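Colleague: Quick note, the sequence shown lines up with residues 311 to 505 if you use the numbering used here.
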Amino acid sequence: ESTSHRERAKTASYVPQNPVVPADMPVRDYVLLGRTPYISYLGTESRNDLAVVAALLERVDLQDLARRRLGSLSGGELQRAVLARSLAQEARVLLLDEPTTGLDLGFQQQVLELVDSLRAERGLTVLAAIHDLTLAGQFSDRLVLIDSGSVCAAGHPREVLTEDLVVKHYGAPVTIVEVDGGSFAVIPLRGVSLR
311 ESTSHRERAK TASYVPQNPV VPADMPVRDY VLLGRTPYIS YLGTESRNDL AVVAALLERV
371 DLQDLARRRL GSLSGGELQR AVLARSLAQE ARVLLLDEPT TGLDLGFQQQ VLELVDSLRA
431 ERGLTVLAAI HDLTLAGQFS DRLVLIDSGS VCAAGHPREV LTEDLVVKHY GAPVTIVEVD
491 GGSFAVIPLR GVSLR
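(1) Might you give, ordered along the chain, the residues of its own chain that have their beta carbon closer than 6 Å to the beta carbon of L376, omitting 5 neighbours on each side?
(2) Since S323 and S396 are thought to touch, with beta carbons under 8 Å apart, how far apart are those beta carbons, to the nearest angstrom?
(3) Work out the CA separation of S458 and R500 for me, nearest whole Å.
(4) Rounded C-beta distance between G447 and L413? I'm assuming under 8 Å.
(5) Rounded to the nearest angstrom, how far is the Cβ of V421 from that of L383, given a contact under 8 Å?
(6) Rounded C-beta distance between T411 and L445? I'm assuming under 8 Å.
(7) Can the beta-carbon of R452 be found less than 8 Å from the beta-carbon of A439?
(8) In angstroms, rounded to a whole number, what distance separates the CA positions of T346 and L455?
(9) Express the C-alpha separation of V502 and E400 in angstroms, rounding to a whole number.
(10) List the endpoints of the continuous alpha helix (DSSP H) containing E317.
Have a look at this one:
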């Protein structure tokens with residue numbers, strides 16, 4: 311049985327690595343596009359749609375930029391707008407492709423903390439492709455390590471992010487360091503030969 315585009319959009323939403331956005335579109339209108347699955351073909355947005363968008367703009371701290379054009383936003387602001395559009399779909403599954411690409415350290419932390427808190431609040435399933443191993447380990451309940459299209463390891467981040475597995479699949483010597491709060495960091499080692 312086939313599923314309609316609208317029903318699929320209510321099930322899963324996607325945040326691409328490099329979103330193509332209409333530079334002249336206001337932030338609010340862009341986020342409102344996420345409500346498309348709930349608006350009939352010839353209909354207009356409802357009060358509920360507008361309320362969902364307003365709440366999300368506040369949640370991602372863009373309420374003061376709602377009328378700004380997308381092309382005028384910083385990288386972190388734009389990433390939050392794209393995330394808000396995706397969340398406006400109210401889907402149960404959120405797919406993220408490198409959600410921190412091009413963001414400085416502060417914005418990386420901000421975006422991932424926001425996704426994590428929304429995941430907990432809304433009971434979302436979040437699947438994310440993240441190449442920064444430290445961020446992947448700190449913000450994941452489970453990791454899947456894929457190399458050349460095959461699953462090499464899966465499980466808790468401490469089981470997957472081991473020095474041996476990173477050396478084997480990334481070809482990079484690292485050390486795994488425990489940091490404050492029981493988290494850990496994957497640190498590359500300079501000048502260490504793998505031979």
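For every residue, glycine included, the Cβ atom is placed at its ideal position computed from N, Cα and C.
Since the structure is predicted, the reported quantities are computational estimates derived from the model, not experimental observations.
Modeller: To lay it out plainly:
(1) Against the sequence shown, residue 376 aligns to sequence position 66. Checking the sequence shown, residue 376 turns out to be Ala, not Leu. Same-chain partners within the cutoff: V337, R338, L367.
(2) Here residue 323 refers to the residue found at position 13 when the sequence shown is read from its first residue. Here residue 396 refers to the residue found at position 86 when the sequence shown is read from its first residue. About 4 Å separates the two Cβ atoms, so the contact holds.
(3) Residue mapping note: residue 500 aligns to position 190 of the sequence shown, counting from 1. Residue mapping note: residue 458 aligns to position 148 of the sequence shown, counting from 1. About 25 Å.
(4) Sequence index remark: in the sequence shown, residue 447 carries index 137 (1-based). Sequence index remark: in the sequence shown, residue 413 carries index 103 (1-based). Wrong, their Cβ atoms sit about 18 Å apart, outside the cutoff.
(5) For this step, residue 421 is matched to residue 111 along the sequence shown. For this step, residue 383 is matched to residue 73 along the sequence shown. With a Cβ gap of about 13 Å, V421 and L383 do not count as contacting.
(6) Within the sequence shown, residue 411 is the residue found at index 101, counting from 1. Within the sequence shown, residue 445 is the residue found at index 135, counting from 1. Going by Cβ atoms, the distance from T411 to L445 rounds to 11 Å, so no, they are not a contact pair.
(7) Here residue 452 refers to the residue found at position 142 when the sequence shown is read from its first residue. Here residue 439 refers to the residue found at position 129 when the sequence shown is read from its first residue. Against a cut-off of 8 Å, the Cβ pair of A439 and R452 comes out as no contact.
(8) Against the sequence shown, residue 346 aligns to sequence position 36. Against the sequence shown, residue 455 aligns to sequence position 145. Answer to the nearest angstrom: the Cα atoms are 34 Å apart.
(9) Walking along the sequence shown from the start, residue 400 turns up at place 90. Walking along the sequence shown from the start, residue 502 turns up at place 192. Cα to Cα, the separation comes out at about 47 Å.
(10) For the purposes of this step, residue 317 is identified with residue 7 of the sequence shown, where counting begins at 1. Per DSSP, E317 belongs to the alpha helix (DSSP H) from 315–321.
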